Amino acid sequence: FVHGGPDNGVQLLNHAASLLNQAVEWREPAPLLRAGIYWPGEGAVELSRIKEHWLPDAAIVAITFYRAHYQADNLDPVNGVISALQVRGINPLPIFVASLKEPVSAETVNAIFADAPPDLILNATGFAVSKPVGERADSPLERPGVPVVQMIFAGGDEDDWRDNLYGLGARDIAMNVALPEVDGRIISRAVSFKAEARFDEATQSPVIAYKGVPDRIEFVCNLAANWLRLAKTPAGERRVAVIFANYPNKDGRLGNGVGLDSPASALNLLQALELSGYQVGDLPDNGDDLIHKLAAGPTNDLTNRAERNGGIRYSIADYQAFFAGLPEGLQERVTERWGQPGDDPFVVGEDFVLSAFRQGNVIIGLQPARGYNIDPKSSYHDPDLVPPHGYLAFYAWLRRDYGAQAVIHMGKHGNLEWLPGKSLALSADCFPEAVFGPMPHLYPFIVNDPGEGTQAKRRAQAVIVDHLTPPLTRAESYSPLAELELLVDEYYEAAGVDPRRLTLLGRQIVDLTRDIGLDKDAGIAKGDDDDAALAKLDNYLCDLKEMQIRDGLHVLGGGLQDRLRRDLLVALVRLPRPGDDPRDNSLIRAMAADFGFTFDPLDCPMGDVWEAAKPKVLQEILPDTIWRSHGDTVERLEELAARLVDDRMRPDPEWTATIAVLGAIEDQVAPAVDACGAAEIAGLIDGLDGKFIQPGPSGAPTRGRLDVLPTGRNFYSVDSRTVPTPAAWQLGWKSAG
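Add 477 to the 1-based position in the sequence shown for my numbering, that's all there is to it.
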């Protein structure tokens, strides 16, 4: 029982029989290594032995799986993966481990990899070596430049999986998907399920074992082979596609990655690719020219699509050969919804005309719409809407004719990850797989939206390269809002100086508020008198002015300068970070504390009258504005923060709380922000080199999540600080009671 394994099991039974006076020979248990190399038909072997099965100069793919599978001779999926790799001319290196966290297993894996460095790792162990928060732990699977693909030995039944749109149960999702993402693994497919291997007559019970699913094993091994091919191909010969989103499907929304200047980002990437030896042709001067070239050809706008010049032609005959290879059920669903290929609006004559053009060896393309003559907003996330022939033709051409070795979807909001099919652990009948196949997939994605990015990771084997949110600034007040704010200030000033003006000013303010439609936003009811309306409006204007708004779009590889950089740094430290370190305090709260204020500048009624002290430095910082309310105090603190951050003012030596936060900005926050642009481009270049992309947490950096910086990492969605959720906590209490 201690060592396990089929042979030890037989010897255990023989020993038991001998104790019952049976004439049976038995041996002492043979120790089983905590970790080692396995080969079918031979068991645990030395590395020198396994090399006898290898091809010279072929790529090496390690297969890591649990020792328990070897102990129980539960190796059908492992053997299937070994065979599939050999068919593809790849040298398998199967390694069993007790746990990747166990020191003996980790040391064994490191020793094996030192003698036989893998080019890629297929991992079937669950959980993660690192924790979702804090410093990353050393994982034996993390080798410089070596991608790790997670394949799943699911604990459920294959029939249940096929019938279940969720793909896997909660336990498998946690163990084999969500936590492995913390280690930066590429999520692939479930390659095996539990099944009845045989019925044991002696015990009258079924023997359950893991059974490999051949077509899932094929997919995972094809994915591995494609990553290896990408890494092996010289940069000058690599064929890469950069695909822009188009949501909704209007020409005015081409390349509208959420929070991202996609055209400028694509140009920065192309320039970096050129420096790395890629063939990118003659590059335009700016991102606008790049997108204008795409817009000049056929797009998702069907108005005059057939008359436009440009695009790439893909024959209906070639498409039909691709379409015929899809599962029959998928073919029927597409034809039933959209008719025959020749009826598709993307067809001109005998060809599909695709929204794309060549830029050297790089394809610049526009992701097709999910349908025609439908509401693009309501259909974008529709789980039942099958894609039309034009959509399938676009990706079929990329895969079969162009031979794309990697695809980059440039920024959220793509639609591939929302096509019909399972939530994860996809089958061949799921549209994301049918459309995209086992291509390497890189996806620059805004760091504060892990939910949608995770869809792409789990449904389209995407490697996320997260990017910074757009620069933020304070909303301030403009146009009619600024006029209103001045009138409100004048009103309250007149209350103490010239009460005769109050009625006239109050009526002007209320009338202007209703004229510009602000009364509803401010919560002013029809029955409110002028005093009540003015109080609500004052609070609303103060809150509105203090809001943080986007100031432009982020550009991959771009760095923030001057005001944009300063405003973002102030925004990043406006809220406190977790922990008791004074450096993690809110800058605005720290300043308020240093001035001896007793209010909370992050949580106060902005319109309330300010009755506390008015330090001279805060009076002088905005000398031409009235200091009347809590909101006015916060405004002065914000202005002082901006001047301190960009060194226009130096802090008083007695402002100890403020100085602590400014120190964190100087040696932690600012360097992380400044590193983002270069790290994002470097992440994409590394991905196109077939290398491992470092994982990182996700979330809004302006909400205390400075750990998501610098960007350029393969984000994960697990946040242990929110586990359990309030709902799960309440359910746990009820269950315990």
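Beta carbons are placed, not taken as given, at the ideal position from N, Cα and C, and that holds for glycine. All figures in this text were calculated on a predicted structure; none of them were measured in a lab.
- Look at the stretch 861-943 and you find these whole runs of beta strand (DSSP E), each 3 residues long or longer: 883-887 and 918-923.
- I1103 is positioned such that its CB atom lies no closer than 7 Å to that of E1116.
- Per DSSP, I685 is one residue of the beta strand (DSSP E) stretching across S682 to G689.
- Between the alpha carbons of P947 and H546 lies a gap of roughly 48 Å.
- The count of Cβ pairs closer than 8 Å, one atom from the stretch 1112-1129 and one from the stretch 890-910, stays below three, leaving the stretches out of contact.
- Q817 carries a coil assignment under DSSP once its states are collapsed to helix, strand and coil.
- Around the beta-carbon of T980, fewer than 16 other beta-carbon atoms lie within 10 Å, marking it exposed.
- Looking at L893, N498, S525 and I537, the one whose alpha-carbon comes closest to that of G914 is L893.
- Using a Cβ distance threshold of 7 Å, G758 and Q836 count as a contacting pair.
- Unbroken beta strand (DSSP E) stretches of 3 residues or longer found wholly inside the stretch 501-568: 512-516, 520-522 and 537-543, given in chain order.
- Nearest to E1088 by C-alpha distance, out of L1079, P554, G848 and R1105, is R1105.
- Excluding its 5 nearest sequence neighbours in each direction, E910 has C-beta neighbours in its own chain below 6 Å: L903, listed in chain order.
- Residue nearest to N556 within the set V668, M652 and G632 is V668 (criterion: CA-CA distance).
- Rounded to whole angstroms, D534 and I567 show a C-alpha spacing of 9 Å.
- Contact check for N763 against L1033 fails: the beta carbons are separated by 7 Å or more.
- Per DSSP, the beta bridge partners of Y791 are F829.
- Cα atoms of T1135 and H944: separation of roughly 29 Å, rounded to the nearest angstrom.
- Look at the beta carbons and you see the stretch 499-515 touching the stretch 579-588: at least three pairs across the two are nearer than 8 Å.
- Among the bridge pairs identified by DSSP, P571 is matched with I540.
- For the 7 Å CB-CB criterion, I537 and L497 do not form a contact.
- Beta-bridge annotation (DSSP): G646 is not paired with any residue.
- Contact between the stretch 707-717 and the stretch 649-664 is absent: fewer than 3 CB-CB pairs across the two stretches fall below 8 Å.
- In the assembly as shown, K889 is a buried residue. Its beta-carbon has 16 or more other beta-carbons within 10 Å.
- Around the C-beta of I685, fewer than 16 other C-beta atoms lie within 10 Å, and the residue is accordingly described as exposed.
- Annotated three-state conformation of G1154 is helix, per DSSP.
- Boundaries of the alpha helix (DSSP H) harbouring L989: L979 to D992, taken from the DSSP string.
- Counting along the chain, the unbroken alpha helix (DSSP H) around I1136 starts and ends at T1133 to A1141.
- Assignment of E579 by DSSP, reduced to helix, strand and coil, places it in the coil class.
- DSSP places E673 inside the beta strand (DSSP E), whose first and last residues are I663 to D677.
- Bounds of the beta strand (DSSP E) holding V717 are V717 to F721.
- Comparing alpha-carbon positions, the option among T990, D1006 and D1007 lying closest to A999 turns out to be T990.
- The closest CA to that of G481, considering only A561, N1191, A549 and W531, is found on A549.
- Annotation for E695: A561 place their beta carbon closer than 8 Å to its own, counting only its chain and skipping 5 residues before and after.
- Residues G1034, I1158 and I1162 of the same chain have their beta carbon placed closer than 7 Å to that of A749, with the five preceding and five following residues left out of the count.
- Here V987 is near A1010, since their CB atoms are less than 7 Å apart.
- In the structure shown, the three-state DSSP call for P1082 is coil.
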